[in-house]
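Since the structure comes first, as structure tokens, the remarks are kept for the end.
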Amino acid sequence: MPSPFQAPVLRAIGLAMLVAVPCQSALAQGAGDPIFHHYRVLEPTIQKAAKALSEHRFDEAKQILEPVLKEVPDHTQAHFLLASMAYQSRDFAGALAHIETSEASLKDLSARYAKVLSKRKDDDAEDARVTEDSLRNLVDAGYDSIDDILGDKRRHLKDLEAKDGGLLNQDVAFAVPAAYSLLHGNCLFRLGRVPEAAAQYQLAIQSDPKNTRAWNNLVNLYWVEKDFGQARATLAKAEAAGVAIQPGLKKSVLDAR
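My numbering applies: residue 22 is where the sequence shown begins, and numbers increase by one.
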């Protein structure tokens, strides 16, 4: 019977995906909350732990993560790495607990980032108002020509707009990556929580419509559950999206009656 778990999940995720969250530009913009400073400082440690994990040195990876968890107990990347290790060690309940903590931490970061963005925009609006008042006072006092002053104002407001244009929407900056939803779905599937697993695979596909493993796992899930109609429909959607389904799984789905 085809299985969605023919290779360790980390081979599908890759080292780069392990350390891609949270968004670095968002961390750089989140100076108003100390949590973002912690994440920036701890990033090299996370990279080191991810490398150890990718080389299957689990004990070393866990040891590397200890100071991270001491400083930020719900560190989203740290818990994702721990979830990955637990999953590969077949501790599916433990893996699920870690991935749930990781995703909850992302939601918290998103809320914190929203506050930072709101304050940044309020500060910029106040800055623009003060600039406008100052320029108006210069006009009233007879300094410079009105065209020069208006030009200064336009340049200043353009600078503010450019700065705000670099800000990321918090839903984008801290969206749950497909790799997280995929691992979450795998944990649920292993624990027999099939409808919840399907929902997580669908979230992974929403995040990354070309995610081959998520599509294959979803097709496989429906086939294992003998929901052959849904399996064939999902297979068709995957192929329409340009995603290849494993030949053995595809044949099993198409031959199923």
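For every residue, glycine included, the Cβ atom is placed at its ideal position computed from N, Cα and C.
Just so you know, these numbers come straight off a predicted model, no measurement behind them.
query, result
"Best match in K91, A219, G263, I67 for proximity to E81 [C-alpha to C-alpha]", "I67"
"Pair within 7 Å by beta-carbon distance, N232 and A199", "yes"
"S195 (DSSP reduced to helix, strand or coil)", "The sequence given here has Phe at residue 195, not Ser. Here F195 sits in coil by DSSP."
"Backbone CA spacing between R253 and A196 [nearest angstrom]", "30 Å"
"G186, buried or exposed, once every other Cβ within 10 Å from all chains shown has been counted against 16", "Caution applies to G186, whose pLDDT of 48 falls short of 50 and renders its modelled position unreliable; the value that the coordinates give is listed next. Its Cβ having fewer than 16 others within 10 Å, G186 is exposed."
"Host alpha helix (DSSP H) of V215 (start-end)", "215-228"
"7 Å Cβ shell around R211 - same chain, five flanking residues per side excluded", "F113"
"First through last residue of the alpha helix (DSSP H) which encompasses L212", "Note, L212: premise wrong, no alpha helix (DSSP H); not H, not E."
"Under the three-state DSSP convention, the category N232 falls into", "coil"
"Residue closest to R338, alpha-carbon to alpha-carbon, out of K69, T255, I56, H100", "Residue 338 falls outside the range modelled here, since the chain spans only 22 to 278, and no answer is possible."
"Residue range of the unbroken alpha helix (DSSP H) whose run includes R61", "55-75"
"At least 3 beta-carbon pairs within less than 8 Å: the region 87-96 vs the region 71-78", "no"
"Backbone secondary structure at E87 - three-state DSSP", "helix"
"Cutoff 7 Å; reference S123; Cβ partners in own chain excluding five residues on either side", "T97, H100, F101, A104, Y201"
"Closest residue to Q251 among P230, S228, L275 (Cα-Cα distance)", "L275"
"Own chain, CB closer than 8 Å to V93, minus 5 neighbours either side, in chain order", "I56, H59, Y60, L63, A99"
"Terminal residues of the alpha helix (DSSP H) in which H100 lies", "97-109"
"Cα-Cα separation, R278 to F249", "7 Å"
"6 Å CB neighbourhood of A235 in its chain, flanking five on each side removed", "L203, Y222, A225, I226"
"Close beta carbons around K69, own chain, < 7 Å, minus the five adjacent residues each side", "I85"
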